[in-house]
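So in the UniProt record's numbering, spot 422 of the sequence shown is number 422, and the numbers just go up one at a time.
Yeah, the Cβ is synthetic: ideal placement off N, Cα and C, and Gly gets one too.
Structure, as structure tokens:
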Amino acid sequence: MSLKSRIVGTAKRQVKQTLRPVLQRAMAPARTAVPASHWGLEHRPGQGLCLEGVPLKDLVARHGSPLHVVHLAALRRNAERFLAVPPGRAGGCEVYYSYKTNPVPGVLSYLHGLGVGAEVISAYEMWLALKLGVAPERIVYNGPVKSEASVREAISRGIQLLAANHAEELAVFSRLAAEVGRRPRVAVRVSTNSGWSAQFGTPIAGGAALRAYQQACASKHLDVVGLHAHRGETIRTEGDLTGFVESVLAFTDTLHQELGLDLEVLDLGGSLCTPTVEHIAERDWRLNLTFFRDVPAPDPAASLSIERYVALVVEMVESHYARQGRKRPRIFLEPGRAMTGDTQLLLGRVHALKAAEDRAYAVLDAGINHAECVRNEYHQLFHVDRPDAPAEQVYTVVGPICTPGDTLYHAKRLPELSVGDTLAIMDAGAYFVPFATSFSYPQPAILALDGGKEQLLRRAETFDDQVALDAPAAATATASKPEAA
Ligand SMILES: *Cc1c(COP(=O)(O)O)cnc(C)c1O
């Protein structure tokens with residue numbers, strides 16, 4: 001390194017260090033934490049954070065760390081909110097949980113027991129739904145890649161809805177339906193100008209979606225009953241929702257006018273937010289990285305609640321159809337993150353502490369291998385043992401994997417940590433488990449709490465599990481001997 005760049009580097013570091021405390025104070029975000037009570041956690045003196053009266057630190061002592069904890073009462077509450085008929089309405093929505101969001105059989109079965117169906121996007125997920133005993137009429141099959149065997153099975157079982165992600169799939173559905181001798185209930189997945197377009201769905205703009213419906217209706221083997229649309233981009237405000245639903249409703253009018261098609265099912269997909277989780281804005285991320293400014297916590301009260309979301313959807317669809325004197329279709333919802341996100345937490349322990357020039361590193365036994373989403377989403381972090389201790393020390397919280405990418409929190413103010421302390425990463429119920437990797441470490445156990453009773457949903461992976469699929473070493477290589485001189 002040249003002398004000049006060394007001087008510049010030192011000067012930059014000094015500016016940052018001088019500015020940090022000033023900026024931390026001057027630019028403090030309005031909200032830096034959501035209280036533990038939001039999740040039903042309570043602080044009991046001497047026991048730390050407790051859920052349903054059970055100290056969280058006792059759970060890791062009994063079941064090992066890291067550990068996923070599923071709060072079944074919270075799951076029930078979310079499911080009941082989605083299923084409830086909004087006040088003053090004759091009917092509500094039918095709910096199909098997005099399997100890929102948290103494909104833990106114990107969680108899925110619990111939801112099915114409450115009257116929630118299965119939204120599957122792959123042959124494996126459809127197999128899983130059938131294995132868990134979900135009735136075919138409670139299954140919606142989406143996804144961009146469906147094996148022919150799974151489509152044949154979906155048709156012969158008579159599943160509720162088979163959605164074509166792109167027009168080419170319609171020809172496959174039609175051919176397989178003719179072979180099986182049964183007419184599947186088909187939808188076309190459309191993309192609106194609100195939310196993702198990318199590789200999913202057939203765009204309404206430019207007429208591709210209308211042409212796909214023409215093609216579907218022309219097949220005598222298909223029963224074209226529905227429309228599928230999934231926004232993709234998270235729905236947090238009323239505006240996010242209404243813009244999306246309006247464009248879907250406008251397209252149902254086009255189908256009515258152009259093709260005389262009146263749909264029985266309007267499937268509006270998922271995308272409703274978890275109120276306490278938010279994508280970290282680029283600016284907030286940079287301020288945190290450079291000046292250790294706290295990442296602002298989302299305000300759960302400012303985001304669309306499940307009740308309000310369901311009420312708005314029903315109201316919009318009902319009034320749209322009422323204005324035209326037509327019967328309103330059945331409304332399907334496919335929540336993922338909004339159903340399970342805030343019903344699970346991930347416990348981990350501080351394994352080591354390392355002081356650095358301007359901060360301390362806290363090395364946890366859980367990192368992005370189990371909590372990938374924390375890299376770019378706000379997730380509340382609690383000190384389980386001393387939740388009320390003043391958060392005065394800045395830590396970079398890292399995981400066990402040997403890459404600098406395994407950083408969960410770049411600059412997080414926490415109470416002074418000690419080795420062995422337990423931390424809780426909140427809102428681990430959406431996209432944590434399915435995105436987990438077994439990079440160097442096996443997967444943690446998943447435990448459910450039900451009225452204070454512990455129920456193991458999935459045991460921790462063992463080392464043997466990690467190699468269970470491998471063929472025993474067929475040949476043993478031996479190093480070749482160096483030639484004798
Ligand atoms: C992923 C997915 C969902 C659930 O999405 P969330 O954002 O978690 O609500 C619903 N429908 C489809 C088609 C999906 O791919």
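Leaving aside the five residues before and after P87 along the sequence, list all residues of the same chain whose C-beta is less than 8 Å from its C-beta, in chain order.
Within the sequence shown, the letter at position 87 stands for residue 87. Excluding sequence neighbours, P87 sits near A311.
From the DSSP output, in three-state form, read off D267 for me.
In the sequence shown, residue 267 corresponds to position 267, counting from 1. Here D267 sits in strand by DSSP.
Count the other CB atoms, across all protein chains shown, that sit within 10 Å of the CB of F463; report buried if there are 16 or more and exposed otherwise.
One-based indexing of the sequence shown puts residue 463 at position 463. That one is exposed.
Checking 8 Å against the spacing of the C-beta atoms, do L75 and T343 come in under that value?
Indexing the sequence shown from 1 puts residue 75 at position 75. Indexing the sequence shown from 1 puts residue 343 at position 343. Contact: yes.
A154 to A123, Cα distance in whole Å?
As a position in the sequence shown, residue 154 is number 154, starting the count at 1. As a position in the sequence shown, residue 123 is number 123, starting the count at 1. Going by the C-alpha atoms only, they are around 10 Å apart.
With DSSP as the reference, please indicate the residues paired to F332 in a beta bridge.
Along the sequence shown, one-based indexing puts residue 332 at 332. As DSSP reads the structure, F332 sits in a beta bridge with E94 and D267.
If L241 and T252 are in contact, beta carbons under 8 Å, what's the gap, nearest whole angstrom?
Walking along the sequence shown from the start, residue 241 turns up at place 241. Walking along the sequence shown from the start, residue 252 turns up at place 252. Not really, about 17 Å apart at Cβ, beyond 8 Å.
What's the C-alpha gap between R182 and Y110?
To locate residue 182, count along the sequence shown from 1; it is residue 182. To locate residue 110, count along the sequence shown from 1; it is residue 110. Their backbone Cα atoms lie some 31 Å apart in a straight line.
Report yes or no: do the region 300–320 and the region 364–381 share at least 3 C-beta pairs separated by less than 8 Å?
Judged by pairs of C-beta atoms under 8 Å, the region 300–320 does not touch the region 364–381, as fewer than three such pairs exist.
Three-state secondary structure (DSSP) at T407?
Numbered from 1 along the sequence shown, position 407 holds the residue referred to as residue 407. Here T407 sits in strand by DSSP.
Quick one: grab the DSSP three-state call for A209.
As a first step, residue 209 is located in the sequence shown; it is residue number 209 there, counting from the start. Shown here, A209 sits in a helix according to DSSP, grouped into three states.
Kindly identify the DSSP beta-bridge partner or partners of Y309.
For this step, residue 309 is matched to residue 309 along the sequence shown. Beta-bridge partners assigned by DSSP to Y309: none are found.
Once you ignore the five residues that flank residue 487 on each side, which residues in its own chain have a CB closer than 7 Å to its CB?
The requested residue 487 does not occur in the structure, where the chain is confined to residues 1 to 485.
How many whole angstroms separate the CB atoms of A371 and T274, which I take to be in contact at a CB cut-off of 8 Å?
In the sequence shown, counting from the first residue as 1, residue 371 sits at position 371. In the sequence shown, counting from the first residue as 1, residue 274 sits at position 274. Contact check for A371 and T274: beta-carbon distance about 14 Å, past the 8 Å limit, so the pair fails to qualify.
Excluding the 5 residues flanking Q24 on each side, which residues of the same chain have their C-beta closer than 8 Å to its C-beta?
Indexing the sequence shown from 1 puts residue 24 at position 24. Taking C-beta separations shorter than 8 Å and ignoring five residues to either side along the sequence, the partners of Q24 in its chain run F291, F292, R293 and D294, following chain order.
Alpha carbon to alpha carbon, what distance is there between P442 and A471?
On the sequence shown, residue 471 is found 471 positions in, with the first residue counted as 1. On the sequence shown, residue 442 is found 442 positions in, with the first residue counted as 1. Straight-line measurement puts the Cα of P442 at about 19 Å from the Cα of A471.
In this structure, what does DSSP give as the bridge partners for Q344?
Here residue 344 refers to the residue found at position 344 when the sequence shown is read from its first residue. Partner residues in the beta bridge of Q344, as assigned by DSSP, are V70.
Could you check if N376 is buried or exposed, using at least 16 other CB atoms within 10 Å of its CB as the buried criterion?
In the sequence shown, residue 376 corresponds to position 376, counting from 1. The residue is exposed, with fewer than 16 neighbouring Cβ atoms inside 10 Å.
Considering Cα atoms alone, identify which of A187, R44, A171 and N78 is closest to A163.
As a position in the sequence shown, residue 163 is number 163, starting the count at 1. Its Cα nearest to that of A163, the residue A187 stands out among A187, R44, A171 and N78.
Just to confirm my understanding: we take G420, look at its own chain, exclude 5 residues before and 5 after, and list those with CB closer than 7 Å. What are they?
Against the sequence shown, residue 420 aligns to sequence position 420. For G420, the CB contacts under 7 Å within the same chain, skipping 5 residues up- and downstream, are R349 and V350 in chain order.
Report yes or no: do three or more beta-carbon pairs, one from the region 445–456 and one from the region 407–416, lie closer than 8 Å?
The region 445–456 is not in contact with the region 407–416.
Once DSSP output is grouped into helix, strand and coil, what is the label at G113?
Along the sequence shown, read from residue 1 onward, the residue named residue 113 stands at position 113. In the structure shown, the three-state DSSP call for G113 is helix.
Beta bridge counterpart(s) of Y361 as assigned by DSSP
Indexing the sequence shown from 1 puts residue 361 at position 361. Answer is K354 and T396.
D58 versus L457, Q466, T422 and A436, residue with shortest Cα-Cα distance
By one-based count along the sequence shown, residue 58 stands at place 58. Taking only the C-alpha atoms, the option nearest D58 is T422.
Cβ-based neighbour list, V151, same chain, cut-off 6 Å, excluding 5 preceding and 5 following
By 1-based counting over the sequence shown, the position of residue 151 is 151. The residues are L176.
On a CA-only basis, which of A445, Q17 and V107 is nearest L72? Give me that one, please.
Taking the sequence shown and counting its residues from 1, one reaches residue 72 at position 72. Comparing Cα-Cα distances from L72 to each of A445, Q17 and V107, the minimum goes to V107.
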